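Working notes for the structure below.
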Amino acid sequence: MAPNLETRLGRRVAAAAAAAVERRGAVSVLDTFTALGWVTDRALTSWHQGRADSLEELLQAPAERQREAVALLRAWAESRSMRCEEGEYRAASRERRELRFTAGGGASEERAFRTHWVSPAATEAQRRREEQRRTKAPDLVVLEPSRPWKCASCGEEDTGLLQMEGGEPHCLACTDMDHLVLLPAGDAALTRRAKKGSRLSAVVMRWVASRRKYRRTGILVEEAALEAAEEQCLADEDARARRRERDAERRAAQDVVFQEHFAQEVVRQFPGCPVERARRIAEHAGARGSGRVGRSAAGRALDPGAVRRAVVASIRHEDTDYDDLLMAGVPRDEARSRIAEDIDRVLEKWV
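Residue 1 is where the sequence shown starts when you use this note's numbering, and the numbers rise one by one after that.
This is the structure:
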């Protein structure tokens, strides 16, 4: 049976794909799953680090639903004469092993999940960026642990940075990365220059339980590269200070425009939402430096899934007893389960 784009899922897939294509001239299956709200930041990070056998097992949708979405995306893209390109997905670990989307699918099914669709109307710059996106190897990742752990290679107890390989933690000495030095996050120019000059580097991440996502805390680079980058930064410090002032003014103006667009997207998806409420949702979700959904890549791109998550978060805190339940000691998952129907009722009024 041919995929039906007029079903509820078909319309959601089409909306997600159209938003991605408008934003960058192309769309991937992973873009679509993210916009549908089927994959969390933590799940994506685990998959990218090679700590899951397949993405399928981490998605918040049944396997048959995932395959239906892939078929719908293909039908939508082919109806617009879009070009099919296969993406490369490698683990952010030294062995760079190929990541799998499906748990037991064959080669043809894997290719379907890896597909990127490029619009015939994409600009040359968009095509170049999409090519890099499809083929660029991910940064190596090391983790800041929250508790002591044991290296799977040498068996030593440790509390320092670790790298995951084959689903197990390994110390930096055993992964031949103990000669690197840590450059904390905070200075973008220094980080960029040190990484560019270092033959080997790795991003340092830490799990933030309160936000349920990984946060970048720094980068490991060769000491000589860091010293050279520091000298370069000292040489043009005044010029960069003036540039930062101009950039701050520009970003403030951009934030106002972005929040207005985010509010408009809220009203578009949820016509019953009061305009003033939509504006508050946009200001809250899009506050710079907040780490909220509006500042995520999907949020900045106005992906439907990200907008919906911002709306649901607002309803959860303003229109239900969720905060009272947490203060009463009710576990977060149980509290969310209790107020799920209340959220649905508000969403139904707004849709």
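Beta carbons: idealized from backbone N, C-alpha and C, even for Gly.
Values in this document were obtained by computation on a predicted structure and should not be read as measured data.
Kindly indicate which residue of the options has the alpha-carbon position closest to the one of residue i.
i           : options            : result
residue 86  : 269, 304, 28       : 28
residue 303 : 4, 12, 2           : 12
residue 332 : 41, 184, 209, 103  : 209
residue 76  : 53, 7, 93, 40      : 7
residue 248 : 289, 83, 89, 236   : 289
residue 101 : 124, 56, 277       : 56
residue 167 : 324, 46, 2         : 46
residue 171 : 78, 185, 152       : 152
residue 186 : 211, 301, 215      : 215
residue 68  : 296, 111, 4        : 4
residue 109 : 64, 132, 145       : 64
residue 92  : 241, 297, 237, 136 : 136
Would you decide whether residue i is buried or exposed? Buried here means 16 or more other CB atoms lie within 10 Å of its CB.
i           : result
residue 62  : exposed
residue 25  : buried
residue 81  : exposed
residue 316 : buried
residue 259 : buried
residue 130 : buried
residue 115 : buried
residue 235 : exposed
residue 265 : buried
residue 308 : buried
residue 291 : exposed
residue 286 : buried
residue 275 : exposed
Rounded to a whole number of angstroms, what is the C-alpha to C-alpha distance between residue i and residue j?
i           : j           : result
residue 177 : residue 199 : 12 Å
residue 299 : residue 228 : 36 Å
residue 231 : residue 189 : 12 Å
residue 148 : residue 159 : 5 Å
residue 72  : residue 19  : 15 Å
residue 120 : residue 22  : 12 Å
residue 53  : residue 99  : 8 Å
residue 334 : residue 314 : 18 Å
residue 252 : residue 179 : 40 Å
residue 37  : residue 30  : 11 Å
residue 127 : residue 84  : 13 Å
residue 15  : residue 262 : 16 Å
residue 325 : residue 257 : 36 Å
residue 90  : residue 245 : 38 Å
residue 223 : residue 197 : 10 Å
residue 41  : residue 211 : 10 Å
residue 48  : residue 267 : 34 Å
residue 66  : residue 269 : 23 Å
Contact check, residue i vs residue j under 8 Å by CB: the rounded distance?
i           : j           : result
residue 183 : residue 218 : 6 Å
residue 51  : residue 164 : 6 Å
residue 272 : residue 221 : That belief does not hold up - the Cβ atoms of residue 272 and residue 221 are roughly 51 Å apart, past 8 Å.
residue 342 : residue 320 : 4 Å
residue 339 : residue 310 : The Cβ separation is near 17 Å, so there is no contact.
residue 225 : residue 194 : 5 Å
residue 94  : residue 140 : 7 Å
residue 39  : residue 59  : 6 Å
Comparing the CB of residue i with every heavy atom of the ligand NAP, is any distance shorter than 8 Å?
i           : result
residue 154 : No copy of the ligand NAP occurs in the structure displayed, which carries no ligand at all.
Problem - Whole runs of the alpha helix (DSSP H) within the stretch 114-138, excluding any shorter than 4 residues - result: Whole alpha helix (DSSP H) segments, 4+ residues: 124-135.
Problem - Complete runs of the alpha helix (DSSP H) confined to the stretch 90-114 [at least 4 residues] - result: As far as the stretch 90-114 is concerned, its whole alpha helix (DSSP H) runs of at least 4 residues are 107-114.
Exercise for the section: May I have a chain-ordered list of the alpha helix (DSSP H) segments no shorter than 4 residues that lie completely inside the stretch 43-89? Expected result: You should have 63-78.
Exercise for the section: Could you pull out every unbroken alpha helix (DSSP H) segment of at least 4 residues lying fully inside the stretch 176-240, listed in chain order? Expected result: 188-197, 223-235
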